[in-house]
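Notes for the one structure printed next.
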Amino acid sequence: VPTYTGPGHSSIYTGTTPANHGIVGNNWYERETGRGTYVTDDKTVQPVGGSVAAGQMSPAHLLTTTITDELRLATNFQSKVIGLSMKDRGSILPAGHAANAAYWYDGTNGAFITSTYYTKTLPDWVARFNAAGHAAQYLAQPWNTLLPIAEYTESTPDDVAWESAFKGEEKPVFPHNLPQLSGAAPTAVAATERAAGEKPPKATPQNLDLIRSTPFGNSLTADFALETLRQEQMGQGSQTDFLAVSFSSTDYVGHQFGTTAIETEDTYLRLDRDLARLLDAVDKQVGKGQALVFLTADHAADQAAGFLQAHKLPGGGVGPALVRDTIQRVMQRRHGPGQWLLTYENQQAYLNRPLIAQKGLNLAQVQDEVADILRAQPHITEVITAHDLLHGSWNEGLGHYQQNGFYAARSGDVLAVLAPGWLEAYGYPVIKGTTHGASWAYDTHVPLLFWGWHVRHGESMQDAKIVDIAPTVARYLHIQEPSGCTGVPLTEVMK
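By the working numbering, the letter at position 135 of the sequence shown is numbered 137, and the numbering carries on one by one without gaps.
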């Protein structure tokens, strides 16, 4: 935990948890600089093909090697490793430190871009792909359901109160008029997305960033992946190549509409077809059964708070601003004026350690004091301090999850756990859509499929961890596991 995009992708590809790879969130507070840090921010590099805000990115914050790094090392850097995604972190973190390339989407120009960490100029084929204006073409058509809407039996009705409409829509219902909606500049991301660490898109004459929150963001990703396969001749050389593709639009759509929306069901139906296009192309390029594929997710998601409440199920939203204000108010009343809380990020309180020292207070005791303040708040079920995590050991339960997600130099002083069904809602008391980040089953349990080369047919009830994927791939390829790996190979999937 937290079950966010950055920690999830990092844990899949490093075979370890944030306690070792250091990616404790999509954002965290950096005590040395006194400011917040984004997971792939790197001001030492420059954008290539896109805006400064979108392009100054690299894997510099990732502290261990990835399975993709180990493949490059094992082949004396002859293997090709390429990552791609709509999200920068969905591309950069899987590709690792030694990748040939990583590409991500810039909504300011509708292009797949990179940074000088990888190259000084975009390859000609990427520039040609971008020049074709694929994003604008997808947004030139309305978003209707793929199938007759009556066939969407796994979803709630189309018009429900807890879904969030696009800017310019009266209601979040089909059809979504993408040509009209993309004519307006984008606004900040939805409150529940912001809770998961999303960066607001920059304003543009046309809102090409809108495609992220439609199934066509996945289609665009698949288009680019197919072009990458062809142009980079992946799998055509004497060494094993690795293409890491992350489909992000399921996440954006889920945040906005919730997990039970027709929009979400439609997005997965279309993703199924996009995956088929990609896997068919892989078979044709390298031969049927000659590619090893794994398919999983970086996290899952809670049901929308409105959905839970409509069905009389426990759950709802907690406003982080209220939590912050409570900590600050109580601490000032007890210990005098001052900014006692620097920030509250990822359900973690970062305390003002210089102020605590100046007042002659003991840090561990102040952490305990703030923990008691949090325990008194509604819908917080557990609180653990940094002191306890550094000096204790948990083999199971909530403490075990928190310890796996704790990296002392980047994590907070006091870590809270919301009760099951309760989510962090930055738009509180108005709660639209849903989010993720918890250690409960609805956020941690995701599918894991292996397919292709030397994969045994069948299914398993064995308990598999997110950290087991990278060592499994390493065992398949007969290469070293990532440098911080703590997982074990899932040998039962192997022939």
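Cβ atoms here follow ideal geometry from the backbone N, Cα and C, with glycine treated the same way.
Could you give the first and the last residue of the continuous alpha helix (DSSP H) run that contains residue i?
i	result
residue 347	Element bounds for residue 347: not the alpha helix (DSSP H) but the beta strand (DSSP E), 343-347.
residue 126	126-133
residue 154	Careful: residue 154 lies outside any alpha helix (DSSP H) and carries neither H nor E.
residue 403	399-406
residue 143	Run containing residue 143: none; DSSP gives neither H nor E here.
residue 352	That residue, residue 352, is in no alpha helix (DSSP H); its beta strand (DSSP E) goes 350-353.
residue 445	443-446
residue 73	69-76
residue 380	Premise fails: residue 380 is in no alpha helix (DSSP H) and is neither H nor E.
residue 95	90-97
residue 254	251-259
In terms of residue numbering, what span does the beta strand (DSSP E) encompassing residue i cover?
i	result
residue 32	29-32
residue 108	103-108
residue 10	Taken as a continuous stretch (DSSP letters only), residue 10 belongs to no beta strand (DSSP E), being part of the alpha helix (DSSP H) at 7-16.
residue 115	113-117
residue 84	83-87
residue 246	244-248
Could you have a look at residue i and say whether DSSP puts it in helix, strand or coil?
i	result
residue 238	coil
residue 49	strand
residue 310	helix
residue 496	strand
residue 480	coil
residue 267	helix
residue 368	helix
residue 173	coil
residue 337	helix
residue 194	Residue confidence is low: residue 194 scores 42 on pLDDT, short of 50, so the model does not pin down where it sits. No coordinate-derived value is stated.
residue 209	coil
residue 23	helix
residue 3	coil
residue 485	coil
residue 136	helix
residue 330	helix
residue 159	coil
residue 438	coil
residue 462	coil
residue 188	A caution first: residue 188 carries a pLDDT of 47, below 50, which makes its placement in the model unreliable, though a value can still be read off. Coil, per DSSP.
residue 123	coil
residue 412	coil
residue 301	coil
residue 468	helix
residue 200	Any answer about residue 200 is weak, because its pLDDT of 45 lies below 50 and its placement is not dependable; what the coordinates show is given next. In the structure shown, residue 200 sits in coil (DSSP, three-state: anything other than H, G, I, E or B).
residue 491	coil
residue 432	coil
Per DSSP, what are the beta-bridge partners of residue i in this structure?
i	result
residue 418	385
residue 37	32
residue 229	Paired residue(s): none; residue 229 is not in a bridge.
residue 295	453
residue 424	318
residue 43	59
residue 178	145
Restricting to Cα atoms, I'd like to know which of the options is closest to residue i.
i	options	result
residue 25	481, 428, 409, 488	409
residue 240	228, 77, 7	77
residue 37	344, 50, 325, 22	344
residue 399	442, 375, 231	442
residue 50	262, 30, 124	124
residue 494	372, 462, 233, 488	462
residue 183	405, 270, 43, 211	211
residue 67	20, 247, 149	20
residue 405	265, 388, 411	388
residue 447	54, 151, 260, 302	302
residue 453	285, 331, 233	285
residue 346	418, 166, 397	418
residue 349	361, 306, 335, 319	319
residue 366	378, 353, 146	353
residue 181	73, 102, 170	170
residue 351	324, 15, 233, 438	324
residue 133	470, 379, 226, 46	226
residue 246	407, 381, 308, 83	83
residue 217	254, 242, 243	254
residue 159	261, 465, 397	261
Answer yes if the region 378-394 comes into contact with the region 413-421, meaning at least three C-beta pairs across the two stretches below 8 Å, and no otherwise. yes
Is the region 57-73 touching the region 41-49 in the sense that three or more CB pairs, one from each, lie closer than 8 Å? yes
Under 8 Å, with one C-beta from each stretch per pair, do the region 264-271 and the region 145-153 reach the 3-pair mark? yes
Does the pairing of the region 157-166 with the region 428-436 give three or more beta-carbon distances under 8 Å? yes
Pairs of beta-carbons, one from the region 456-471 and one from the region 483-493, closer than 8 Å: are there three or more? yes
If contact is defined by three or more beta carbon pairs under 8 Å, each pair taking one atom from either stretch, is the region 89-102 in contact with the region 135-145? no
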